[in-house]
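Asker: Numbering (our numbering), first residue to last: 65 to 203. We treat Cβ as the ideally placed atom computed from N, Cα and C, and that holds for glycine. A single structure is presented below for examination.
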C-alpha cells in the first residue's frame, strides 16, 4: 500500500518461504508488524479473531460480494464446529445445503430449496453484524 511502511513490513516483504514453511517464517514477524501499524493482532487460534473474520465475511455477503452458499462453505471449511460458537448456525446451514443437493441428485422430493436456505443465511449474517435488515430486500 502506498505510504504504508515499517521496519517489519520490509522484512515481511523480503520473506520468500519455501512451500510448507510459510507459517513459521511469516508468523514470526506478524505481531511486530501489526504493532508497528497500530493494528490489533489476535494471535493464532483466537476466538476473537474467528469472530471478527466471521463478521467481515457476513458483511461481504450483505454487500453482495459473495453468495450465501460461499459464506456457509467458507465457515464450514475454515472455522468448523471446533471454532467459535457464533459460526454454528452457518455450519448447520451448510449441512442443509448439502442435504438438499444430495436429495435433488437422487430426485427425492424435498420441500426446501437452496433459495430458502439463502434467505436463512442472509438472516444469520444480519444477526452476526447486528443489522436487522428491516425494509431491505433479500434478493
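Give a yes or no on whether the C-beta atoms belonging to residue 163 and residue 152 are separated by under 8 Å.
Answerer: no
Asker: Nearest to residue 137 by CA position, among 189, 124, 155, 120, is which residue?
Answerer: 155
Asker: State the Cα-Cα distance for the pair residue 232 and residue 175, rounded to the nearest angstrom.
Answerer: No answer is possible for residue 232: the residues shown for the chain start at 65 and end at 203.
Asker: Need the endpoints of the alpha helix (DSSP H) that residue 112 sits in, please.
Answerer: Residue range 111-126 is occupied by the alpha helix (DSSP H) that includes residue 112.
Asker: Measuring straight from C-alpha to C-alpha, what distance separates residue 171 and residue 73?
Answerer: Spanning the alpha carbons of residue 171 and residue 73 requires a straight line of approximately 54 Å.
Asker: Given that a residue counts as buried once 16 or more other Cβ atoms are within 10 Å of its Cβ, and exposed if not, what is residue 185?
Answerer: Buried is the call here.
Asker: Determine the contact status of residue 193 and residue 119, defining contact as a CB-CB distance below 8 Å.
Answerer: Yes, they are a contact pair.
Asker: Below 6 Å CB to CB, which residues in the same chain sit around residue 140 once its five sequence neighbours on both sides are set aside?
Answerer: 155, 158
Asker: Considering only the beta carbon of each residue, do residue 105 and residue 99 sit closer than 8 Å?
Answerer: Yes, they are a contact pair.
Asker: Apply the 10 Å Cβ neighbour rule to residue 90 and answer buried if 16 or more other Cβ atoms are within range, or exposed otherwise.
Answerer: exposed
Asker: Which residues mark the beginning and the end of the alpha helix (DSSP H) in which residue 78 is found?
Answerer: Per DSSP, residue 78 belongs to the alpha helix (DSSP H) from 71-78.
Asker: Between the Cα of residue 109 and those of 117, 80, 182, spot the shortest distance and give me the residue it belongs to.
Answerer: 117
Asker: Let me know the secondary structure DSSP gives residue 181 once reduced to three states.
Answerer: The three-state reading of DSSP puts residue 181 in helix, counting H, G and I together.
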